[in-house]
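Enquirer: With the working numbering, the residue at position 103 of the sequence shown is 182, and numbering never jumps. This is the structure I have questions about; it appears just below.
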Amino acid sequence: MLHRIKNKRYPSYNKLKKYISEKTLKTLALLVWYIGFVALSLKSYKLFNEAYTINNNLTYLIIFLLSLLKTKYIFTHSCQKNLQRIEALENPKIWQFYRTGFFLFLIGVISLGGFLSHEASGNYYFLISVGVVDMALALALFFSGFQFFHSFTTYLD
80 MLHRIKNKRY PSYNKLKKYI SEKTLKTLAL LVWYIGFVAL SLKSYKLFNE
130 AYTINNNLTY LIIFLLSLLK TKYIFTHSCQ KNLQRIEALE NPKIWQFYRT
180 GFFLFLIGVI SLGGFLSHEA SGNYYFLISV GVVDMALALA LFFSGFQFFH
230 SFTTYLD
């Protein structure tokens, strides 16, 4: 009885019970992943721009190596694990494209990144350091994001 009253009172409650497709969850996860790539790339560019120019080729090498390591050992595994979790959901809801803990972690990382960028302002070496870390993270997000595209192609087969 109470269940019927709640549904009559709040018609949008019925809409929340609908399920969405696995492909939609994967697409949302991909969007969040690549929004992170774009945001970190822009922030890194701003930091490098504030530090004027990078005349040291070693910096580019460090960025590339860090991004490869993060891609191989952290982000690719994270993508695969999340994709497997999404595929295992029986009745997926729209908010399940990442776990709650991931969103809390993301908030913490974004806050820390903003704090470090603010603190680096005016200090050339600190700007370069934070820029290198941000760009390496951005490239790792970009390269590991291919796991999502791979899951879409296997989904179509």
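Idealized CB from N, CA, C, for every residue including glycine. Since we're looking at a predicted model, the values are computed, not measured.
#1: By the three-class DSSP mapping on this structure, what secondary structure does GLY224 have?
#2: Report buried or exposed for ASN161, applying the criterion of at least 16 other Cβ atoms within 10 angstroms of its Cβ.
#3: Closer than 6 Å by C-beta to SER120: which residues in its own chain qualify, once you throw out the five before and the five after it? Chain order, please.
#4: Below 8 Å on the Cβ atoms is my guess for SER223 versus THR150; work out the distance and round it to an integer in Å.
#5: Can you round the beta-carbon distance between LEU109 and GLN175 to whole angstroms, since I take them to be within the 8 Å contact cut?
#6: Just checking my contact of SER196 with LEU126 at CB under 8 Å: how many whole Å lie between their CB atoms?
#7: DSSP three-state call for ILE142: helix, strand or coil?
Expert: So, to answer that:
#1: Here residue 224 is taken as the residue at index 145 of the sequence shown, counted from 1. Note: GLY224 maps to coil in three-state DSSP.
#2: Walking along the sequence shown from the start, residue 161 turns up at place 82. ASN161 comes out buried.
#3: Here residue 120 corresponds to residue number 41 of the sequence shown, with the count starting at 1. Within the same chain, SER120 has close Cβ partners ALA217.
#4: Working through the sequence shown from its first residue, we reach residue 223 at position 144. Working through the sequence shown from its first residue, we reach residue 150 at position 71. Right, their Cβ atoms sit about 5 Å apart.
#5: For the purposes of this step, residue 109 is taken as the residue at position 30 of the sequence shown. For the purposes of this step, residue 175 is taken as the residue at position 96 of the sequence shown. Not quite, the Cβ-Cβ distance comes to about 15 Å (not below 8 Å), so this is no contact.
#6: As a working note, residue 196 is residue 117 in the sequence shown. As a working note, residue 126 is residue 47 in the sequence shown. Right, their Cβ atoms sit about 6 Å apart.
#7: Stepping through the sequence shown from its first residue, residue 142 is reached at position 63. Helix.
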